Amino acid sequence: DAGVTQSPTHLIKTRGQQVTLRCSPKSGHDTVSWYQQALGQGPQFIFQYYEEEERQRGNFPDRFSGHQFPNYSSELNVNALLLGDSALYLCASSFFGGGAEREQFFGPGTRLTVL
Amino acid sequence: EDQVTQSPEALRLQEGESSSLNCSYTVSGLRGLFWYRQDPGKGPEFLFTLYSAGEEKEKERLKATLTKKESFLHITAPKPEDSATYLCAVQATGNTPLVFGKGTRLSVIA
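Read top to bottom, the protein sequences are chains P and G. According to my numbering, the residues represented by the first sequence are -5 to 109, in order. According to my numbering, the residues represented by the second sequence are 22 to 131, in order.
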């Protein structure tokens, strides 16, 4: 079992650019959540995808958007990058069964630096 | 608004010196409380889920407990490889998003 995988590992962009981050969930999982983690802080919830739809969204602007594909993998897109978007972006996958979400398992993250 | 506060922010222990990390929470209705371990620059690693007050879970040198207002992560006879940031998160009923604390940064010195 490969677990949750994310790509790329590191990314450097300049202000105003756009970025796409990718995530493949753990085998058997159908739900993907994205988080932003600033240095010294806990992860902050961005949004969650289930059955190819955005199921929940945190307090992030519309510049942050996402997508889930039929194979449950997911993308996070950020437009018009700001310096403050520099962070570790984490993907977590889980299984939504019996009307309740099971534990979330995290990938290794993508370190985004905006210059 | 759901909130999680972890203390202390940082903890330095000698190898073999047992201690506890605290996670205080405020949530409308608790569905689950989660503990994760995070090494620098890596994603959080799942440790435990606790669902109801009085519940306890153990894994190697770690033991997690839960009351109606807080959770403790007890570390018995820690080793240097236990050094990491330990994150606590809560999920309210209704499958709401996880809310994380800022974590406790643990250093175990040989």
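Just so it is clear, CB atoms sit at the ideal spot from N, CA and C, and this is done for glycine as well. Because the structure is a prediction, the values reported are computed rather than measured.
Leucine 108 of chain G sits close to glutamine 59 of chain G, with the two beta carbons spaced by under 7 Å. Contacts between phenylalanine 93 of chain G and chain P, judged by CB atoms closer than 7 Å, are missing: the closest CB pair is about 18 Å apart. Against proline 29 of chain G, chain P offers no close residue; the least beta-carbon distance is about 14 Å (beta-carbon pairs closer than 7 Å). DSSP places serine 1 of chain P inside the beta strand (DSSP E), whose first and last residues are -1 to 1. A Cβ of chain G is located within less than 7 Å of the beta carbon of phenylalanine 100 of chain P.
Exclusion of the five residues before and after serine 18 of chain P leaves Thr(-1), Ser67 as the residues of its chain whose Cβ lies within less than 6 Å of its Cβ. Taken atom to atom, the span from the alpha-carbon of asparagine 71 of chain P to that of serine 27 of chain P is near 13 Å. Residue contact check for proline 37 of chain P against chain G: a CB pair falls below 7 Å. About 5 Å separates the beta carbons of arginine 33 of chain G and serine 128 of chain G, which is inside the 8 Å limit, making them a contact pair. At least one CB of chain G lies nearer than 7 Å to the CB of glutamine 50 of chain P. For glutamate 79 of chain G, the enclosing beta strand (DSSP E) has its first and last residue at 77 to 80. The C-beta distance from leucine 94 of chain G to alanine 74 of chain G rounds to 16 Å, too long to fall under 8 Å, and the pair is not in contact. Within 9 Å of the CB of threonine 70 of chain G, the CB atoms of chain P belong to Arg96, Glu97, in sequence order along the chain.
Listed along chain P, the residues sitting closer than 7 Å to glycine 64 of chain G by beta-carbon distance are Leu84, Phe100, Gly101, Pro102, Gly103. Contact annotation, isoleucine 96 of chain G with glutamate 36 of chain G: C-beta distance approximately 11 Å; criterion of less than 8 Å not satisfied. Here glycine 115 of chain G carries a coil assignment [DSSP, helix/strand/coil]. At a Cβ-Cβ threshold of 7 Å, leucine 76 of chain P and glycine 103 of chain P do not count as neighbours. Scanning its chain for C-beta atoms nearer than 6 Å, with the 5 sequence neighbours on each side dropped, one finds around glutamine 11 of chain P the residues Leu75, in chain order. When DSSP reads this structure, histidine 95 of chain G sits in a beta bridge with G:Ser41, G:Lys84. Interface criterion met: the Cβ of lysine 123 of chain G is under 7 Å from a Cβ in chain P.
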